[in-house]
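For the sequence shown, the numbering used here begins at 71 and goes up steadily by one. Note that the Cβ used here is the ideal one computed from N, Cα and C, for glycine as well. Below is one structure, written out as structure tokens, with a few remarks after it.
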Amino acid sequence: MRLVTFITVLLLGCSLATARPPDACSLTSTVTDAKLTLSIPDGRTSFREGEIVPLVLSFTSTAHKRYSAVVRNYDRSGRLDLETYCLEPKARDPLADYFSTTFSLGGGLGGEQQLSEKPFIVTVELNEWRQPGPGDYRLYVVSPRVSGEPTSLNSLRGGGTMVVLRSNTIEFDVIKTKADSRAKQSQAIVAAYQHATAEPCDYGFPHECAAEQAARQLRFLNTKESTEALARLFWSLDEQPGGWDLMFGLFGSSYRAEAIAAMRHEINSPDHPITQDFLMVLTKLQLLQTAREVPKEPPMDDPEALRQFAERLRKIEAHEPEVRKAALTATVAALPHKTGRAHALTLVTLATERSDLLDKETAAQMRRQLIAEWGSLPEKTRADLIRNGWPPLDGTEALPILREIASQAPPHFGNAGSFACYALTQAQCSVVMSRNKALKRIFELNPAEGRSLILRDLSDPEAQPSLSLVKLLPSAQLRPFVQRAVQRISTNDARPWDYTFVGLFADKSALGPLEAKFKEDTDRLTRGMCLPYAVPMLRYFLRVDPKVGAREVQAQLVARKVTGCYPTLLEDLGASLPPVEQLAISNLDDADVEVAGSAARALGRWGTPKAESALWARLARFHQEWPTGVGELRLTDKDTSARVRALDNLETTLVYAIVSGTNWICGPEKLRRLRAITSRQQGIAISQWINQWEGTEGPWILNPFWGPEDQLTFSVLQYSQLDEEQIRVKLAQIPRGSQLYFQTYTAEQMGSPVSMEKQQAVLQGLRKYAAQFGVIVEERPR
């Protein structure tokens, strides 16, 4: 990701910072009845240079159920920075440059565990955060992982009562190892890695995978030989075992010049794939190497330091195109000498490279060559190119490839949605997505052929094709298939796919039998029994006969008090909501907070303009009942905690429904009115939305999101996930004279690349539409 993106997030967060936090290593434990004990397994006190230093963090408490610890051992960014490792004398953080110049969204799955006298154990490796050379060391750890049990909602939001634990201090030494010994060690680890990669890794238990372990050992060895070995081995972050450790080893090495030289050498190696990941690492290493000083992340509460930090990052990034272009030029020259998989994957890299870094003739040549060599590509690579919408497959020259993919058997499972892979493995899902994408491409290139292939799938009695493809067929061609599905429903022989299919495509002629069958099935229900297909049937009724639909929805809402079914029915109806909008408004006051919240979400997303006043009125009633909010309500037991959280969620839902309503505009005046009556927690978010409107956070960006199977949604200001019809509604509401900047993306910037021609077509369509209302839409400068 681009370096300066990082600073944007820092600047946004700056307004919320209050005081500069103290140095973590200066902190002491804030409680006496919880304890953090630091140790090294087996009591070791001596390690060889470059050897992994394992640590055990043991959390205990003498107070029963007073404290909880966060249960996490990873982060999506690549490193979990909960604890601070305080080493005396100090040693370098091997990844300081990487994390100070790379923005990545962290987080990950985890939970909490209550502390007791039985230790809660966390195992880590010191080398992840510190790179100790030869010498004698003292180490202690400061951890915010533990919190006191929350007594109110506000303390729950903050993770409970904040607790700092400082561990005991341990001592160890690192012994200098002879150069020839470390070189032999590097060779042995490389041999172990190469042997291990012949066997698949179980990624559910990565530390039990020999290849992962070898990559990690090589990463921390930190010698010239190990650095060159990392460059020889690394080619992908996710496609090779230990890819992230190999990359972090290159960034963390003290031998950066050697790492760059070795990676450049590998470009010419016949059996080394040159991937986008490889080029990214090489480019960034060169940028960091040539920078006079890699800036360190400044405090969040210092706006001037943040701006200077951003400027230094921009200066580093300014050289990125020329550095990457040089690597690409070398890769193009090396391609004819590549062999096997290395040739195929390197060709994919060049053919999918962003167009401004390769001259047009070379780029066109690479794309032609990739299509010609399609059959030699790894199966997963072919599936990824199809699924991700590789732009050259838009042309007629790709028809033979698309036909081959479409010739595979259609899916025989409940693929009821436009993008659904229920109960499938990742590989199976990839095949289905690729086939769906290929069929759609064929339809776009040759509609008659595409229709015949989709009809072929529909004619297979066991097939359940993607409904996003079925929508491409005219209603006359669908009629016999709809009749068969209605017949299967009437005779209790239906598949789940049939209900969604009928709900979308059946006309009013099917109303009688479907209404009778629905009534028959619902009459048999008792408490706890719910019809899995109720929502598509109710959508059908609302579409073909709104009176019948409204009656059936009302019946289900009444029956819910007995059956307990469909608490989110109103929002599940989606765009079918308007005929039952009044029911949704009345359900804003339902005693079940989940039902009330669902009604609010439905009205915000699909309600007509009159729904806005109903949402304001319900929010006013909420604050009459809870004039100071629910943040300080006491959490006395599990049931009380659940009730308080539900009330808090209801306020949040009402505010967001008003703020993000599709069919009305909520500008600065309304936002300030909201901020005046809501809780402080809501006020923080509302202030950010006000800043967006007033331009203090930059220009208004109209951002498209190209989802699976080309599902296109948009975000602008506080509005998100707007479909193509809803964004037009919003453009008509935005004040005249407003200027929006449409974001376009190169192939490198998009997870699912879409051709620039297609992006420009969407931009021109929105620009023309917005002009009718005096709103200017321009392309955002890159």
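- Collapsing the DSSP output to three states places residue 208 in a strand.
- Sixteen is the threshold: when 16 or more other Cβ atoms of the shown chains lie within 10 Å of the Cβ of residue 609, as they do, the residue is buried.
- For residue 379, the uninterrupted alpha helix (DSSP H) run begins and ends at 373-387, by DSSP.
- Taking the C-beta atoms as reference points, residue 556 is found no nearer than 8 Å to residue 517.
- For residue 233, there is no enclosing beta strand (DSSP E), as DSSP marks it with neither H nor E.
- Residue 156 carries a strand assignment under DSSP once its states are collapsed to helix, strand and coil.
- The segment 148-157 and the segment 202-217 touch, with three or more beta-carbon pairs separated by less than 8 Å.
- The Cβ-Cβ distance between residue 437 and residue 453 does not fall below 8 Å.
- Residue 831 has its alpha-carbon roughly 15 Å from the corresponding atom of residue 798.
- Residues of the same chain with a CB within less than 7 Å of the CB of residue 162, apart from the 5 flanking positions on each side, are 201 in chain order.
- Bounds of any beta strand (DSSP E) do not take in residue 199, whose DSSP letter is neither H nor E.
- Residue range 846-849 is occupied by the beta strand (DSSP E) that includes residue 849.
- Counting C-beta atoms within 10 angstroms of its own C-beta, residue 607 has 16 or more neighbours from the protein chains shown and is therefore classed as buried.
- Relative to the Cα of residue 812, the nearest Cα in the group 838, 841, 772 belongs to 772.
- Residue 290 and residue 131 have their C-alpha atoms roughly 34 Å apart.
- Between residue 636 and residue 604, the C-beta spacing is below 8 Å.
- Between the segment 508-524 and the segment 455-475, the count of Cβ pairs shorter than 8 Å is three or higher; the stretches touch.
- Note on geometry: alpha-carbon atoms of residue 198 and residue 648 lie some 55 Å from one another.
- For the options 359, 119, 500, the alpha carbon positioned closest to that of residue 243 is the one of 119.
- The segment 800-807 makes contact with the segment 733-743; the number of CB pairs closer than 8 Å reaches 3 or more.
- One thing to note: residue 601 has its Cβ no nearer than 8 Å to the Cβ of residue 666.
- Annotation for residue 117: 123, 244 place their beta carbon closer than 6 Å to its own, counting only its chain and skipping 5 residues before and after.
- DSSP places residue 139 inside the beta strand (DSSP E), whose first and last residues are 137-141.
- Residue 250 sits exposed, since fewer than 16 C-beta atoms from the chains shown fall within 10 Å of its C-beta.
- In the three-state scheme derived from DSSP, where H, G and I count as helix and E and B as strand, residue 777 is classed as coil.
- Note that the C-beta distance between residue 539 and residue 575 is not below 8 Å.
- When the Cα atoms are used, residue 737 and residue 729 turn out to be separated by approximately 8 Å.
- In the DSSP assignment, residue 117 is bridged to 244.
- For the pair residue 633 and residue 671, the CB atoms are not nearer than the 8 Å cut-off.
- Closest option to residue 577, judged by alpha-carbon separation, among 590, 612, 599, 567: 612.
- When the five nearest sequence neighbours on each side are left out, no beta carbon in the same chain lies closer than 6 Å to the beta carbon of residue 585.
- Residue ranges of uninterrupted alpha helix (DSSP H) with 4 or more members, entirely inside the segment 398-466 and ordered along the chain, are 410-421, 430-442, 449-457.
- Inter-residue distance for residue 381 and residue 394 is about 21 Å (C-alpha atoms, whole angstroms).
- Ranked by Cα distance from residue 138, the options 145, 150, 103 are led by 103.
- At least 8 Å separates the beta-carbon of residue 629 from that of residue 650.
- In terms of Cα proximity to residue 536, the closest of 560, 510, 133, 263 is 510.
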